[in-house]
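See structure below.
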Amino acid sequence: MTLTCIAVDDEPLALKLVTHFIEQTPFLQLVGTYSSAVAALRGLQQQPTPVDLLFLDIQMPDLNGLELARVLDRGPGGNGPRVVFTTAFNHYALEGYKVDALDYLLKPFTYEEFLRAAQKAQTYAALKQSATSSVPNAPSVPAPAAAVEEDYLYLKVEYQLVRVPYQDILYVEGLKDYVKVHRRSEARPLLSLLSLKALEERLPARQFMRIHRSYIVGLQHITAIGRGTVQIGAETIPVSDGYREAFDQFISRWK
Numbered sequence: 000m001t002l003t004c005i006a007v008d009d010e011p012l013a014l015k016l017v018t019h020f021i022e023q024t025p026f027l028q029l030v031g032t033y034s035s036a037v038a039a040l041r042g043l044q045q046q047p048t049p050v051d052l053l054f055l056d057i058q059m060p061d062l063n064g065l066e067l068a069r070v071l072d073r074g075p076g077g078n079g080p081r082v083v084f085t086t087a088f089n090h091y092a093l094e095g096y097k098v099d100a101l102d103y104l105l106k107p108f109t110y111e112e113f114l115r116a117a118q119k120a121q122t123y124a125a126l127k128q129s130a131t132s133s134v135p136n137a138p139s140v141p142a143p144a145a146a147v148e149e150d151y152l153y154l155k156v157e158y159q160l161v162r163v164p165y166q167d168i169l170y171v172e173g174l175k176d177y178v179k180v181h182r183r184s185e186a187r188p189l190l191s192l193l194s195l196k197a198l199e200e201r202l203p204a205r206q207f208m209r210i211h212r213s214y215i216v217g218l219q220h221i222t223a224i225g226r227g228t229v230q231i232g233a234e235t236i237p238v239s240d241g242y243r244e245a246f247d248q249f250i251s252r253w254k
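Position 41 of the sequence shown, counting from 1, maps to 40 under numbering that gives the first Met the number 0, and the rest follow consecutively.
Here you go:
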C-alpha cells in the first residue's frame, strides 16, 4: 500500500531531511512540501485526491502545526491526513496526543525512527481500508444466515492501535477524557484518549453493561453481586442509582 504524503517545516534543512527520508521509503509518495502551515492548508485543499499522511512541524509562524492539525477533517468518515509531528520541543507531546497524532518525532531523529512512524501510518491505513472496503457494483448475493461479528476492537494507546478482544476486558474505568481498560491477560491497564460514553457505544451490549457513571463491566467476568456492588476478581465496583434499575433487570433473569 502506497501512502501519499506532505512535509511541512519552516526550517529549510529540516524540510530537506524529511523530504529525503520520504523519498527513501518505498511505500511513501511525496506530493508536496511547504514551509508554512498556511501554505500546507492551501495545498491540501487543492490536492485532487485526499492526502494520507502529513509530516508536520509544530512551531511555525502565523498558524502552528497543532492549530493546523485541529482543523483537518480526520474524524469518522473524514478524508483528512493522519499526522506525524516533527519537532524539537518535547513539551508538545501531550497536545500532539490530544489532536490524535499518529506519532511524535523529536528532532534530531534518525531514519530508523522516521521509518517506524511511517510504518505505523501504513498499518493504520491498512486497518482502515480493511474495515471500510467494499466492492462497487458487485452482483448481489444472498445474505448469509448469520453475520459474523467481530470479537475485538482497536484502541488507540499512545501512538499505536492495540487490538483488544472483548472477552479480555474485565471492566473499564472512565477518567474524564480517558478510559482505563482493565484486562484479564495483563496486570497493567490500557489508557486510551476516549470518553467512556464513546467506548460504551463500541462495546456489544450483550457482553458489557454500564453500572456507574465511571464504570463499564464485562458481564461474563462478574464473580459476585452484593448490595450495590459487583465483584470482578479482587475488585469491588459500585452500582450507582442511575444504573441500578437496568442492572437489577439483568440479574433478575438469574434469580
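Cβ atoms here follow ideal geometry from the backbone N, Cα and C, with glycine treated the same way.
Every value quoted in this text rests on a predicted model; they were computed, and no experiment measured them.
With distances taken from CA atoms, which of the options is nearest residue i?
i: residue 196; options: 214, 188, 20 and 184; result: 214
i: residue 90; options: 47, 103, 79 and 2; result: 103
i: residue 184; options: 176, 177 and 164; result: 164
i: residue 236; options: 248, 221, 249 and 247; result: 221
i: residue 212; options: 243, 232 and 233; result: 243
i: residue 55; options: 86, 198, 38 and 47; result: 86
i: residue 105; options: 98, 225 and 84; result: 84
i: residue 194; options: 230, 171 and 16; result: 171
i: residue 33; options: 125, 209, 14 and 178; result: 14
i: residue 99; options: 203, 182, 36 and 176; result: 176
i: residue 101; options: 108, 37 and 124; result: 124
i: residue 37; options: 65, 48 and 16; result: 65
i: residue 167; options: 174, 128 and 218; result: 218
i: residue 25; options: 3, 16 and 35; result: 3
What residue does the alpha helix (DSSP H) around residue i start on, and which one ends it?
i: residue 323; result: The structure shown does not extend to residue 323, since the chain spans only 0 to 254, so no value can be given for it.
i: residue 37; result: 36 to 45
i: residue 69; result: 64 to 70
i: residue 251; result: 240 to 251
Looking at the unbroken beta strand (DSSP E) that takes in residue i, where does it start and where does it end?
i: residue 33; result: 27 to 33
i: residue 154; result: 151 to 156
i: residue 179; result: 177 to 182
i: residue 204; result: Taken as a continuous stretch (DSSP letters only), residue 204 belongs to no beta strand (DSSP E), as it is neither H nor E.
i: residue 164; result: 159 to 164
i: residue 174; result: 168 to 174
i: residue 193; result: No beta strand (DSSP E) holds residue 193; DSSP gives it neither H nor E.
i: residue 212; result: Premise fails: residue 212 is in no beta strand (DSSP E) and is neither H nor E.
i: residue 237; result: 234 to 237
i: residue 6; result: 2 to 7
i: residue 105; result: 102 to 105
i: residue 52; result: 52 to 55
i: residue 109; result: Run containing residue 109: none; DSSP gives neither H nor E here.
i: residue 84; result: 81 to 86
i: residue 222; result: Careful: residue 222 lies outside any beta strand (DSSP E) and carries neither H nor E.
i: residue 228; result: 228 to 231
Going by other Cβ atoms of all chains shown within 10 Å of its Cβ, with 16 needed for buried, is residue i buried or exposed?
i: residue 138; result: For residue 138, the predicted structure reports a pLDDT of 46, less than 50, and the residue's modelled location is therefore unreliable. The matter cannot be settled from this model.
i: residue 291; result: A question about residue 291 goes unanswered here, because the residues of the chain that appear run from 0 up to 254.
i: residue 245; result: exposed
i: residue 110; result: exposed
i: residue 205; result: exposed
i: residue 227; result: exposed
i: residue 147; result: At residue 147, the pLDDT of 41 sits below 50, so the modelled position is not reliable and the matter cannot be decided from this model.
i: residue 151; result: exposed
i: residue 207; result: buried
i: residue 126; result: exposed
i: residue 198; result: buried
i: residue 201; result: exposed
i: residue 161; result: exposed
i: residue 241; result: exposed
Could you round the C-beta distance between residue i and residue j to whole angstroms and report it? I think they count as a contact, below 8 Å.
i: residue 50; j: residue 68; result: Going by Cβ atoms, the distance from residue 50 to residue 68 rounds to 13 Å, so no, they are not a contact pair.
i: residue 80; j: residue 53; result: 4 Å
i: residue 0; j: residue 118; result: Actually they are not in contact, since the Cβ atoms of residue 0 and residue 118 sit about 11 Å apart, beyond 8 Å.
i: residue 46; j: residue 30; result: 7 Å
i: residue 169; j: residue 231; result: 5 Å
i: residue 216; j: residue 224; result: About 11 Å separates the two Cβ atoms, so there is no contact after all.
So is residue i in contact with chain B if we call contact Cβ pairs under 8 Å?
i: residue 71; result: In the displayed structure, chain B is absent; only one protein chain is listed.
| request: Could you tell me whether the stretch 1 to 9 touches the stretch 30 to 44, where touching means 3 or more Cβ pairs closer than 8 Å? | output: yes
| task | For the stretch 149 to 158 and the stretch 187 to 201, state whether three or more C-beta atom pairs, one from each stretch, are separated by less than 8 Å. | result | yes
| Using 8 Å as the threshold, is the stretch 111 to 126 in touch with the stretch 19 to 29, meaning 3 or more CB pairs across them? | yes
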